[in-house]
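Asks:
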Amino acid sequence: MKAEFALLAWFMRRCIRQPGRTVTTGRGRRFPPPKDLPARKLCPSKDMEGQCPQEANGSHPEQSEERLPTSDLAMDAGSCAGPVQTGETVIAEGKAKIIFPSANEVFYNPVQEFNRDLTCAVITEFIRLQLSAKGIQIAVPGEEKVEKVVVDLSEGEEAGSEPAPDEEGAARAVAAVGEVCKEGVRILEALAASGLRSIRFAKEVPGLRAVVANDFSSKAVELMARNVEFNGVGHLVTSSLADARMLMYQQKAEKHPFDIIDLDPYGSPATFLDAAVQAVSEGGLLCVTCTDMAVMAGNSGETCYSKYGAMSIKGKFCHEMALRIILHSLDLRANCYQRYIVPLLAVSADFYIRVFVRVFTGQATVKASASKQALVYNCVGCGTHHFQRLGKMTSHGSNFKYSAASGPPVGPSCEHCHQRHQLGGPMWAEPLHDPAFVQRVLSALGSNPGRFGTQDRIQGVLSMVTEELSDVPLYYTLDCLSSTIHCNTPSLLQFRSALLHAGYRVSLSHACKNAIKTDAPPSVLWDIMRCWERLHPVKRERLSDTSPAFHILSVEPTLQASFTVREDANPKSRKQGLKRFQENPEAYWGPKARAKAGGGISTSLQDKRKLHQNKRKERAEDGGHLKNIPCKRLKEVRTGWGGCESGGGSGGQRCGSSWPRCGCNTP
Numbered sequence: 001m002k003a004e005f006a007l008l009a010w011f012m013r014r015c016i017r018q019p020g021r022t023v024t025t026g027r028g029r030r031f032p033p034p035k036d037l038p039a040r041k042l043c044p045s046k047d048m049e050g051q052c053p054q055e056a057n058g059s060h061p062e063q064s065e066e067r068l069p070t071s072d073l074a075m076d077a078g079s080c081a082g083p084v085q086t087g088e089t090v091i092a093e094g095k096a097k098i099i100f101p102s103a104n105e106v107f108y109n110p111v112q113e114f115n116r117d118l119t120c121a122v123i124t125e126f127i128r129l130q131l132s133a134k135g136i137q138i139a140v141p142g143e144e145k146v147e148k149v150v151v152d153l154s155e156g157e158e159a160g161s162e163p164a165p166d167e168e169g170a171a172r173a174v175a176a177v178g179e180v181c182k183e184g185v186r187i188l189e190a191l192a193a194s195g196l197r198s199i200r201f202a203k204e205v206p207g208l209r210a211v212v213a214n215d216f217s218s219k220a221v222e223l224m225a226r227n228v229e230f231n232g233v234g235h236l237v238t239s240s241l242a243d244a245r246m247l248m249y250q251q252k253a254e255k256h257p258f259d260i261i262d263l264d265p266y267g268s269p270a271t272f273l274d275a276a277v278q279a280v281s282e283g284g285l286l287c288v289t290c291t292d293m294a295v296m297a298g299n300s301g302e303t304c305y306s307k308y309g310a311m312s313i314k315g316k317f318c319h320e321m322a323l324r325i326i327l328h329s330l331d332l333r334a335n336c337y338q339r340y341i342v343p344l345l346a347v348s349a350d351f352y353i354r355v356f357v358r359v360f361t362g363q364a365t366v367k368a369s370a371s372k373q374a375l376v377y378n379c380v381g382c383g384t385h386h387f388q389r390l391g392k393m394t395s396h397g398s399n400f401k402y403s404a405a406s407g408p409p410v411g412p413s414c415e416h417c418h419q420r421h422q423l424g425g426p427m428w429a430e431p432l433h434d435p436a437f438v439q440r441v442l443s444a445l446g447s448n449p450g451r452f453g454t455q456d457r458i459q460g461v462l463s464m465v466t467e468e469l470s471d472v473p474l475y476y477t478l479d480c481l482s483s484t485i486h487c488n489t490p491s492l493l494q495f496r497s498a499l500l501h502a503g504y505r506v507s508l509s510h511a512c513k514n515a516i517k518t519d520a521p522p523s524v525l526w527d528i529m530r531c532w533e534r535l536h537p538v539k540r541e542r543l544s545d546t547s548p549a550f551h552i553l554s555v556e557p558t559l560q561a562s563f564t565v566r567e568d569a570n571p572k573s574r575k576q577g578l579k580r581f582q583e584n585p586e587a588y589w590g591p592k593a594r595a596k597a598g599g600g601i602s603t604s605l606q607d608k609r610k611l612h613q614n615k616r617k618e619r620a621e622d623g624g625h626l627k628n629i630p631c632k633r634l635k636e637v638r639t640g641w642g643g644c645e646s647g648g649g650s651g652g653q654r655c656g657s658s659w660p661r662c663g664c665n666t667p
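First residue of the sequence shown: 1, per full-length UniProt numbering; consecutive thereafter.
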């Protein structure tokens, strides 16, 4: 292992471009360093000439330089730039345009546009919060403006524009899109591929100091460098060729953390989480995507445990549980370094989940992490679930005491249907979202209509997020409750009204269109369903004595439910007709096939399905290539699957054998 790490460290040192060094590409061409980024310095306090204070004071420049492993092709952006060549394909999304060598090598999924749009919206508001603490405003094109004057922060007072004084009379600068903000944030896109996301950041998000677009494929980095130059964002975006984990570990070791780290891998991000929670700055933002939903939704609980340290359950609430599992995994890995997470937004959409969390350092808060995690007891018969916290935190004035929790909360079998329980988790049991932050994102979208292509859907999803009960983990579904007792399904408004009449809170969930999130105990839910069954009777004679429906309906309800529809039973997002759930945008709109290791795109998933059809079906075989096996009865030699050569299979003497491979047809 030491030899492997030494070899990797040598490789990364060879990839680092030294200040002022002339780059020689694989084609033998020599290029001087770019003039707009002298020596590739991304120093947070560089002036117009690109010099750091340490250089001005005569200190060694490498002490303040951020050494990012890059390939020669990545830095040779000028040689890659140029008009679109014949046979190349250009994909446009937002304000970015991406060139692909050919139509067969386009690794682009239009369904993920919602993911990228949402990320731009969240990062914009995060930067607004970060820079407002430094007295800097941001200007987003199309946003309703108060009196603002856009100032090039990279030029300081030489910009020639007088900043507008704020209410206190102090000068207040404004950072605009496409400009280098010396007090801005550094973003790492660890798995950039074509660089589309990084280019969109540079062209749509203000207040950036630098964007590092990294990938481990040299062909991807070459394509990325050309796209960066093609979009004219070379002053903001730097291409990097490195292992994402080693790059983040290196930046952490050199004390150059990133303010924002975006992880959007093909599949599971589990291998990158440990490096990410260390390489992000104090209070920085982690954006993580998981597309391995088959694992996180309960199909392979053992695989989920090996990747995220939690057992997933195949239940109706699986999509929200997937969100809570990835948050648990992030917090668990951060706790190893006396850090903890604060979720800003967690969304389940299409075939993936996306979480945005801030990472802080604090030993006292880390001690409370155990009380934020919970196990799930899920009944396999009726779907009733209960929670068991891992830890308990009790307060004594200003002091807190941490201890193990007591349990379990259930007996050996379900109290409602007498079936067994499944045990899942641990998972994050605290709120998934920061309501104040989500409301800020919604307000910004409302003041800038048409900023994103999927803005209607973003507003609909975030509106549902603000309506969710933040202190209620997981949910039930109407169809599952009804199918358990084999009755007709009540309408959404009727069931919500029954819960409100009983004095409980209820909300929907963005993760499932027919979800019921409520603080009512399971006994109340089943009492409401018993009352509904009385209005719509079930044929009891058809129920088995051991079925969950028989046990549930054999108990008299203690609550008399009222199904009179209330005005407040209809949520505001539903009244306004917001676009809350996405319709299928196109045929075969799921995740695309994985890119080939040597570049290009592998066979499409549809072609693979056709190729593997009837793969395991027994094919008819020609007996000509089979062995000649003697018949045990007549001692005659028969061939293949046909009859005996004595003629037994063609009207002659029958051997009377019951041997399956004898064709004599003997009774």
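Positions of the beta carbon are idealized from the N, C-alpha and C atoms, including for glycine.
Classify D215 as helix, strand or coil using the three-state DSSP reduction.
Replies: It is a strand residue.
Asks: Using only CA atoms, which one of D568, A569, P537 and V506 lies nearest to S554?
Replies: The shortest Cα separation from S554 among D568, A569, P537 and V506 belongs to P537.
Asks: Are there 16 or more other CB atoms within 10 angstroms of the CB of V288, so buried, or fewer, so exposed?
Replies: The residue in question, V288, is buried, as its Cβ has 16 or more Cβ neighbours within 10 Å.
Asks: Does the distance from the CB of S497 to the CB of T564 come in under 8 Å?
Replies: Cβ distance < 8 Å, so S497 and T564 count as in contact.
Asks: In the DSSP assignment, find the unbroken beta strand (DSSP E) run with M427 in it and report its ends.
Replies: From DSSP, the beta strand (DSSP E) with M427 extends over H421 to W428.
Asks: Would you give the residue range spanned by the beta strand (DSSP E) that F393 belongs to?
Replies: First, the amino acid is wrong: residue 393 is Met here, not Phe. M393 -> beta strand (DSSP E) spans G391 to H396.
Asks: Can at least three beta-carbon pairs, one atom from the region 504 to 513 and one from the region 528 to 544, be found at a separation below 8 Å?
Replies: Verdict: no, contact absent.
Asks: Could you round the C-beta distance between H416 and N378 to whole angstroms and report it? I think they count as a contact, below 8 Å.
Replies: Not confirmed; about 13 Å, so no contact.
Asks: Indicate the three-state DSSP secondary structure (helix, strand or coil) for K148 in the structure shown.
Replies: Per-residue confidence for K148 stands at a pLDDT of 38, beneath the threshold of 50, marking its modelled position as unreliable; the derived number appears in the next sentence. Here K148 sits in coil by DSSP.
Asks: Between which residues of its own chain and P431 is the CB-CB distance below 8 Å, once the five residues before and five after are set aside?
Replies: Excluding sequence neighbours, P431 sits near P343, S470 and D471.
Asks: Report the CB separation of V111 from D264 in whole angstroms; it is logged as a contact under 8 Å.
Replies: That pair is no contact at about 13 Å.
Asks: So, with DSSP's three-state summary, where would you put G283?
Replies: G283 falls in the strand class under three-state DSSP.
Asks: Taking a contact to mean a Cβ-Cβ separation below 8 Å, would you say S239 touches F258 in this structure?
Replies: In this structure, F258 does not lie closer than 8 Å to S239 by Cβ.
Asks: Y308 lies in the alpha helix (DSSP H); which residues open and close that run?
Replies: Segment G301 to Y308, the alpha helix (DSSP H) holding Y308.
Asks: Grab the span of the beta strand (DSSP E) containing P435 for me, first residue to last.
Replies: Careful: P435 lies outside any beta strand (DSSP E), inside the alpha helix (DSSP H) at P435 to G446.
Asks: What's the C-alpha gap between T518 and S483?
Replies: Spanning the two alpha carbons is a distance of roughly 19 Å.
Asks: What residues in its chain sit with their C-beta under 8 Å from that of residue 684, if we drop five residues either side in the sequence?
Replies: The question about residue 684 has no answer, for the chain in this structure spans 1 to 667.
Asks: In whole angstroms, what is the alpha-carbon distance linking H386 and V410?
Replies: Roughly 7 Å separates the two Cα atoms.
Asks: Which of the three DSSP states is assigned to F360 in this structure?
Replies: Strand.
Asks: For C644, does the three-state DSSP call read helix, strand or coil?
Replies: Residue placement at C644 cannot be trusted, given a pLDDT of 49 that sits under 50; what the coordinates show is reported in the next sentence. In this structure, C644 counts as strand in the three-state DSSP scheme.
Asks: For the beta strand (DSSP E) that V472 lies in, which residues bound it at each end?
Replies: Element bounds for V472: n/a, residue is neither H nor E.
Asks: Could you check the C-alpha separation between V122 and Q455 for me, to the nearest Å?
Replies: Straight-line Cα distance between these residues: approximately 13 Å.
Asks: For P557, which three-state DSSP category applies?
Replies: In the structure shown, P557 sits in coil (DSSP, three-state: anything other than H, G, I, E or B).
Asks: Tell me which residue opens and which closes the alpha helix (DSSP H) that S348 is part of.
Replies: Note, S348: premise wrong, no alpha helix (DSSP H); beta strand (DSSP E) at R339 to A349.
Asks: Please determine, among A220, C487 and S371, the residue with the shortest C-alpha to C-alpha distance to I552.
Replies: Minimum Cα distance to I552 is reached at C487.
Asks: Between I341 and L327, which are expected to be in contact by the criterion C-beta below 8 Å, what is the C-beta distance as a whole number of angstroms?
Replies: With 8 Å as the limit, I341 and L327 qualify as a contact, their Cβ atoms being about 7 Å apart.
Asks: Could you compute how far the alpha carbon of K205 sits from the alpha carbon of L131?
Replies: Lys is not the amino acid found at residue 205; the sequence shown has Val there. Going by the C-alpha atoms only, they are around 13 Å apart.
Asks: Should C120 go down as buried or exposed, given a rule of 16 or more other Cβ atoms within 10 Å for buried?
Replies: Looking at its Cβ environment, which holds 16 or more other Cβ atoms inside 10 Å, C120 is buried.
Asks: Indicate the three-state DSSP secondary structure (helix, strand or coil) for C564 in the structure shown.
Replies: Correcting the residue type first, residue 564 is Thr in the shown sequence and not Cys. Coil.
Asks: Per DSSP, what are the beta-bridge partners of N399 in this structure?
Replies: Answer by DSSP bridge pairing, in chain order: H396.
Asks: Quick check on this structure: which residue in A561, K610 and L492 has the alpha carbon closest to the alpha carbon of P571?
Replies: For P571, the nearest C-alpha among the options comes from L492.
Asks: Can you find the residues in the same chain that come closer than 7 Å, C-beta to C-beta, to A569, ignoring five residues on each side of it along the sequence?
Replies: Same-chain partners within the cutoff: L493, R496, S497 and L500.
Asks: Which residues in the same chain as V237 place their Cβ atom closer than 6 Å to its Cβ, once the five residues preceding and following it in sequence are excluded?
Replies: If we look at V237 and ignore the five residues flanking it on each side, its Cβ neighbours are S198, A202, V211, A213 and V228.
Asks: Spatial neighbours of G298 within its chain, please: C-beta separation below 6 Å, excluding the five flanking residues on both sides.
Replies: If we look at G298 and ignore the five residues flanking it on each side, its Cβ neighbours are S312, I313, K314 and C318.
Asks: How big is the Cα-Cα spacing for G381 and P557?
Replies: Computed Cα separation, rounded: 19 Å.
Asks: For a test of the three-state rule: what should DSSP assign to A121, helix, strand or coil?
Replies: Three-state DSSP puts A121 in a helix.
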